[in-house]
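Chemist: Following this message is one structure expressed as structure tokens.
Residue numbers (this note's numbering), protein chains in the order written: chain A, -8 to 1008; chain B, 57 to 275.
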């Protein structure tokens, strides 16, 4: 009963009698094994049996004195063994009424035998009474080595280690215990009858998946176990992991998502980190639990899902999955297992053994399980290895049955119902023509194939029904296969067709599913420039959805596309210039499509694509410029790429192309500037290259909303620089923008509102906006539901409200209550910007207080103060500071518990929040005994800490707050003890008179309190 | 090689390069070298040959241009061999290659049309197309070779022919005139070699350039 045995029993953990063994089949089997061992030890290992324990095992027994035989002296009711103790210490009393102490295994053996029909109970009592029995038998040192040091390679080395401190016998005992341990564990290997997922089912699934990974049209690249060794119970996980319900580990390489490391356990299957399962924490769960492997694969590999799920009919299935699942639901409670016992590292060494030693056992048991699996599998897979075609259909069928429960929900999100051709299409001559062409396409030799390709180009490939028919007749797959051949002419023909077909959305998906994207990417290296160009153009079409874009990246397509640009730039003077240009144009188109995925943006940037795109900007060809600028524009939303884009030349050329006559190009350029002008330098460059005026001119195109949105966006970002605003103002942009506040799509409105906010930072503009009637539409936009728009509009309204005249208009339009109601918006950004906008309103409006009071809006404030967003908190603190100037409002706020809410926020490290929070506290002190309340709530100490802040605003407002707090003597004592005086004194030298005074008075107040204290004592 | 024969070759190159369009003198010289080398390989059987015979020429086509279709190779020989004497002389070789290799699209259209116009009737007739396409399914015939299948085969070729004529026979007279052919190629360049590859492809062209034209110039 070695190491793991000490844990290998299931202890009741949550019941009051925590150290009892649960009554469970595992435990029962365990006890029986131990009993056999103990009973036999006297006869089989007499020497070890006589070994004296370091400390006696002690437990309360049911064996009474009379049960003992003559080996024991019976003295009164106390029995003593007459074995002589080797250590000459008097043998301890063996048996007192109801407790027993045992000094050796021999004694234990005898005692247990004495228990007659209660032997098992006795063993159980012994284990329960001595959970640390190893320590007692072997002494703490060896026991702990056994338990924790998994580094011992084998018993031998341990023996040596033991030798120097104890007898040979002790070493032998250690070995004996370990061997027994191993033997018992082996017998206890799990029984899976109760699991939802079990090794048998796992094998069926694995066989199926392995079957899916064979042949030309395989659905998976490879499927394998991490371990070749199989235990007799069908598991492959090491025993100590089996104890946690794990069955085996599998590596599945999917066609589209790379390799997946999967753990199968009794509760289902999940992805693991791919570590070594033999190590602790080697295989950590990294995904949710799936009911079975097939479901997991369907979720993780869309290629697998698409090709496997589509089959509807479920043949008379093995019904295993359902059956075992229902079993599982019936028996939710976890039956006793090893698991709870075998928690810690104990395992390391001795459990590795059963693997070897149970090999024979496995051989004996395997034929049975094997044949069972065979039987199950023969239904599904064996008859279908004949041809790849039939194979596929039947693999689908098996799949359907395996995954019967989950197939419906595991359909990919992106799988949309396909528009099927009208049924009479199948009767049309067009369909017959397609059928014929595809037939000869596949059947004939290269020359016929080429002819058929040419004929297929005459088909109307803009029609989905034609495209789908070609696909369903197998033509699409054939065309894609042609891409993998050496026949350049056929490739060109196929690509010409594919370009047209790939404009059809379902075909894009099918092409990706058929691994077409990979083939296309491979053709980007072709020696024939035309092939490259056509392949790139097809990619541009296919990369219309994320999965295809990912495949392009993963198969190295981004680099190859960039190479196309490079080739063109290097070949400027050669004869094949025009061909290379076409290739570069297509490459740019493909990059544009791909750049819609974030990771691709990064890939383009890191592959050095941006400078090349920049060079292409000098081109005069619109068809080249649009995709180039489009790609740049997409990449610009990625911060890392933006830095590269914001170079002089690129901005210059972007500005230059704003002059183009082509609206699409103007849109892309404006979008690029919109994204790049986040950066000050770019804004300056745009001004330098006279781009501002060009942008303003674009505002005249009120019909093209896309262009308008891009242009207003660029104007917005450019107007962040005040110099730009001044230039814009020469062109009366504010007036134009105000005109765009009505009857425009949201994309335009967002940008216009953003731009207005920036324009209104210039005081003169505040009157301008009033004069051109911009306020009213702005206020109306406060009723919008678009979050981004609300954020910008509230900011703009806030900027307006800083002007008293404007405020009158806002008041008339009931703007304040609209802003207040936006505080209820769930979006924190909207909350914050609404609150910021409210601040100037309160200051500038005579009616504000009345409005707010009648509106009863403060109910919301306590909730907002519990927000997790610092910006929201800061803005609300600012509002509170404003509101607190009104006594009656402050009274209401105090009733709402504002003091403790504010105090709770004081722990923040955010300086902006600290500043406004101090302000709020300062103003809230004005009411009743809030000053004392803040002190009691513990607000003083953090405020003193704020005085260390580097931000002058924080120090100033903290000074003001401390001054208000210093009217309470208790607060002064806190300040004194926290060293506030030292920090207040520099503030007396502040540039603001108000602050000087506050700091000085505060110091005075502290001093007064200190003096009084001294006097009193 | 003696300087005399070198001179002779240069002189020959001089005269020929005046007659052909797409090669300059240097290239013609290279082609003559190559021709002589090929002739050398053939000589052992008969000492007094004036040019490449049919078999040797087909070997050359296969090696240099990776052509495999025997039928088409025969046709190419016939076209190269302008005087129909069963040999391709050095002049015929260079003139043939000039079109075959560097010909303009118009030249190549004529060249290919010629190639497919098996009887020299000025039209590509149904019979021509049948002969040109009949081997396209031959694999299956060999496998099974039964009478029924043969009939199916015939039907299929006929159907195929109808498809092709529908596509290319613009004046609907049941045969392809040069105008039909030209119009089709104009619409889709790939149709230039519609009935069998008879021009060098991108790869073999490059290979030939490297092996024959450029390499020998260096020497």
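Cβ coordinates follow ideal geometry from the N, Cα and C atoms, glycine included.
Assuming residue 458 of chain A and residue 499 of chain A make a contact with CB atoms under 8 Å, what is their CB distance in whole Å?
Modeler: Actually they are not in contact, since the Cβ atoms of residue 458 of chain A and residue 499 of chain A sit about 10 Å apart, beyond 8 Å.
Chemist: Check distances from the C-beta atoms of the stretch 665 to 696 of chain A to those of chain B and list, in chain order, the residues that come in under 9 Å.
Modeler: none
Chemist: For the stretch 109 to 123 of chain B, which residues have a CB atom closer than 8 Å to at least one CB atom of chain A, in sequence order?
Modeler: none
Chemist: Does any residue of chain A have a CB that is nearer than 8 Å to the CB of residue 187 of chain B?
Modeler: no
Chemist: If contacts are defined as beta-carbon pairs under 8 Å, then residue 829 of chain A and residue 791 of chain A qualify, I think. What distance do you get, rounded to the angstrom?
Modeler: With a Cβ gap of about 13 Å, residue 829 of chain A and residue 791 of chain A do not count as contacting.
Chemist: Mind listing, in chain order, the continuous alpha helix (DSSP H) runs of no fewer than 4 residues lying wholly within the stretch 107 to 193 of chain B?
Modeler: 110 to 121, 126 to 136, 146 to 158, 161 to 172, 182 to 189
Chemist: How is residue 736 of chain A classed by DSSP in three states: helix, strand or coil?
Modeler: coil
Chemist: I need the boundaries of the alpha helix (DSSP H) containing residue 796 of chain A, first residue and last residue.
Modeler: 795 to 803
Chemist: Grab the span of the alpha helix (DSSP H) containing residue 719 of chain A for me, first residue to last.
Modeler: If you look at residue 719 of chain A, you'll find it in the alpha helix (DSSP H) that goes 713 to 721.
Chemist: Would you check if the distance between the CB atom of residue 471 of chain A and the CB atom of residue 420 of chain A is smaller than 8 Å?
Modeler: no
Chemist: Please list the partners that residue 252 of chain B has in chain A, where partner means a Cβ-to-Cβ separation under 7 Å.
Modeler: Under the 7 Å cutoff, chain A gives 438.
Chemist: Am I right that residue 550 of chain A and residue 598 of chain A are in contact with their C-beta atoms under 8 Å? What's the rounded C-beta distance?
Modeler: Residue 550 of chain A to residue 598 of chain A, Cβ: 5 Å. Contact.
Chemist: Can you tell me where the alpha helix (DSSP H) with residue 51 of chain A in it begins and where it stops?
Modeler: Premise fails: residue 51 of chain A lies in the beta strand (DSSP E), 43 to 51, not in any alpha helix (DSSP H).
Chemist: Consider the Cβ of residue 258 of chain B: report whether some Cβ of chain A lies at a distance smaller than 8 Å.
Modeler: yes
Chemist: Just the C-alpha distance for residue 976 of chain A and residue 957 of chain A, rounded to the nearest angstrom, thanks.
Modeler: In a straight line, the C-alpha of residue 976 of chain A is about 15 Å away from that of residue 957 of chain A.
Chemist: Can you name the residues that DSSP bridges to residue 252 of chain A?
Modeler: A/242
Chemist: Could you check the C-alpha separation between residue 263 of chain A and residue 294 of chain A for me, to the nearest Å?
Modeler: 21 Å
Chemist: Anything in chain B within Cβ reach of residue 518 of chain A, meaning under 9 Å, just list it in chain order.
Modeler: 258, 259, 262
Chemist: Going by Cα to Cα distance, which pick from A/788, A/804, A/777 is closest to residue 1013 of chain A?
Modeler: Past the boundaries of the shown model lies residue 1013 of chain A; chain A is included only from -8 to 1008, so the question cannot be answered.
Chemist: When the cut-off is 8 Å and only beta carbons count, does residue 484 of chain A lie next to chain B?
Modeler: yes
Chemist: Cutting at 7 Å between CB atoms, please list the residues of its own chain near residue 739 of chain A, excluding the five before and the five after it.
Modeler: 696, 699, 700, 703, 731
Chemist: Which first and last residues belong to the beta strand (DSSP E) in which residue 251 of chain B is found?
Modeler: No beta strand (DSSP E) holds residue 251 of chain B; DSSP gives it neither H nor E.
Chemist: Measuring straight from C-alpha to C-alpha, what distance separates residue 173 of chain B and residue 440 of chain A?
Modeler: A straight-line Cα-Cα distance of about 21 Å links residue 173 of chain B and residue 440 of chain A.
Chemist: Quickly, what does DSSP pair residue 262 of chain A with across the bridge? List them, please.
Modeler: Checking the DSSP bridge columns, you'll see residue 262 of chain A partnered with A/253.
Chemist: Is it right to say residue 73 of chain B is buried, meaning 16 or more other beta carbons lie within 10 angstroms of its own, or is it exposed?
Modeler: With 16 or more other Cβ atoms within 10 Å, it is buried.
Chemist: Go ahead and label residue 970 of chain A buried or exposed: buried means 16 or more other beta carbons lie within 10 angstroms of its beta carbon, across all protein chains shown.
Modeler: exposed
Chemist: Sorted by chain position, which residues of the same chain lie with C-beta nearer than 6 Å to residue 110 of chain A's C-beta, five sequence neighbours on each side aside?
Modeler: 26, 103
Chemist: Could you run through the stretch 466 to 481 of chain A and flag, in chain order, every residue whose CB is less than 7 Å away from some CB of chain B?
Modeler: Per Cβ criterion, the list reads 479, 480.
Chemist: Counting beta carbon pairs with one atom in the stretch 164 to 180 of chain B and one in the stretch 207 to 221 of chain B, are three or more of them shorter than 8 Å?
Modeler: no
Chemist: Is any beta-carbon of chain B found at less than 8 Å from that of residue 449 of chain A?
Modeler: yes
Chemist: Does DSSP put residue 91 of chain A in a helix, a strand or coil?
Modeler: strand
Chemist: Quick check: what's the CA-CA separation for residue 946 of chain A versus residue 616 of chain A?
Modeler: 54 Å
Chemist: Does the stretch 141 to 161 of chain B touch the stretch 225 to 236 of chain B, meaning 3 or more C-beta pairs lie closer than 8 Å?
Modeler: As far as the Cβ criterion goes, the stretch 225 to 236 of chain B does not touch the stretch 141 to 161 of chain B, which means the pair count is below three.
Chemist: If we cut at 8 Å on Cβ distances, does residue 177 of chain B have a partner in chain A?
Modeler: no
Chemist: For residue 96 of chain B, does the count of other Cβ atoms within 10 angstroms reach 16, so buried, or fall short, so exposed?
Modeler: Exposed is the label assigned to residue 96 of chain B, since fewer than 16 other Cβ atoms lie within 10 Å of its Cβ.
Chemist: Give the single residue among A/644, A/894, A/932, A/935 whose Cα lies nearest to the Cα of residue 915 of chain A.
Modeler: Distance check between residue 915 of chain A and each of A/644, A/894, A/932, A/935 places A/894 closest, using alpha-carbon atoms only.
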